[in-house]
Amino acid sequence: MLRTEKRGLVIAAGSSIVVLGILSAVALLSPGSSEVKEAFFSAHHLKGAAFGTAKTASVIAAFFSVTVRMFLLAEVLVLALALFLAVVRSLPGPVFFPFRVLAIVYIDFFRGIPLLLLMFIVGFGLPGMQLGTLSRQSQFVYGVIALTLVYSAYVAEVYRAGIESIHESQTAAARALGLSRWKALRYVVLPQAIRRVVPPLLNDFIGLQKDTALVAAIGLVEVVRTAQAYGTTFFNFAGFTVAAGLFIVITIPLARVTDWLIAREQRKTRAAAGFR
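First residue of the sequence shown: 0, per numbering that gives the first Met the number 0; consecutive thereafter.
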């Protein structure tokens with residue numbers, strides 16, 4: 000078994016080296032490789048885009064904090080709103096039928112609208128409606144609203160899948176112990192359901208973190224807008240390379256955490272099956 004594993008590692012390493020070598024050769028030997036390298040990977044412009052120069056105060060690394068704050072705020076709102084929608088959609092009985100319909104309409108509606116289009120509708124529509132304080136907010140707030148509306152619809156379905164994966168016997172046992180239906184949902188069903196859907200939730204939040212870049216379309220000065228401004232000023236695309244690197248710095252750790260959680264859940268499932 001050990002020899003087989005070592006052989007597999009050697010084959011994997013060899014194939015990886017071959018693939019990377021081919022890709023590197025294609026990139027380096029292509030006719031326009033030098034122009035692309037200067038446009039996207041110039042050391043001088045990478046440093047200037049990341050940390051600023053004497054000619055510009057727009058530092059991409061500094062404006063990345065705007066993106067991070069937007070992501071964290073939208074994530075909290077999405078978790079809360081999506082859980083509410085999932086619970087409402089899962090309520091049994093005819094008395095809750097209108098609420099279930101409203102939740103389904105909300106989920107279907109906002110899952111069907113492209114995020115960029117909704118960004119324009121919220122960012123330019125709400126200010127024009129003259130709704131008092133709501134129409135006098137910043138692009139940051141409108142961006143968070145658009146992200147929350149779209150991603151809460153997706154995450155609500157993730158929550159609902161988790162809730163429906165809990166066998167009805169769990170609820171029946173809780174009711175037999177004297178818990179009401181609401182308490183059974185709160186203390187028995189939801190804790191198990193949320194644990195099961197943590198990996199797909201993290202996948203959704205990886206997408207949410209990347210889609211914060213779309214808020215640049217409504218004028219918010221953040222990492223993508225700053226990278227675009229650098230390119231306009233210096234006629235160089237290194238700013239986009241820096242912005243992409245910053246997104247990757249956050250995305251890769253989240254992806255690895257997701258993989259670890261999935262592997263842990265699989266180990267638990269196999270252990271439980273073996274125990275039975």
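Cβ atoms here follow ideal geometry from the backbone N, Cα and C, with glycine treated the same way.
Predicted model only: the values in this text are computed from it and were never measured.
Pick from K36, A145, I162 and G111 that is closest to F236, judged by C-alpha positions: K36
Do you know whose CA, among G238, Q208 and E264, lies nearest V248's CA? Q208
Sorted by chain position, which residues of the same chain lie with C-beta nearer than 8 Å to R269's C-beta, five sequence neighbours on each side aside? none
Exposure of G244, with buried meaning 16 or more beta-carbon neighbours within 10 Å: exposed
Relative to the C-alpha of A242, which candidate in V149, S64, S134 and L176 has its C-alpha closest? S64
For my contact list, Y186 and I59 are in at a C-beta cut-off of 8 Å; report their separation, rounded to the angstrom. About 46 Å; that fails the 8 Å criterion.
Range covered by the alpha helix (DSSP H) that runs through E221: From DSSP, E221 is part of no alpha helix (DSSP H); its letter is neither H nor E.
Inspect the CB distances between the region 180 to 199 and the region 149 to 159 and report whether three or more fall short of 8 Å. yes
Start-to-end residues for the alpha helix (DSSP H) that takes in I205: Per DSSP, I205 belongs to the alpha helix (DSSP H) from V197 to D210.
Roughly how many whole angstroms lie between the Cα atoms of G161 and A192? 4 Å
Cβ atoms of R159 and S89: under 8 Å apart, would you say? yes
I think T66 touches T250, with their Cβ atoms under 8 Å apart; what is that distance to the nearest whole Å? Not quite, the Cβ-Cβ distance comes to about 12 Å (not below 8 Å), so this is no contact.
Span of the alpha helix (DSSP H) around P97: Segment F96 to G111, the alpha helix (DSSP H) holding P97.
Nearest to E221 by CA position, among H44, I10 and M69, is which residue? The option with the nearest alpha carbon to E221 is M69.
Which runs of the alpha helix (DSSP H) at least 4 residues long sit entirely within the region 140 to 195? Give them in chain order. 167 to 175, 180 to 183 and 189 to 195
Nearest CA to the CA of Y105: which residue from F83, S168 and R266? F83
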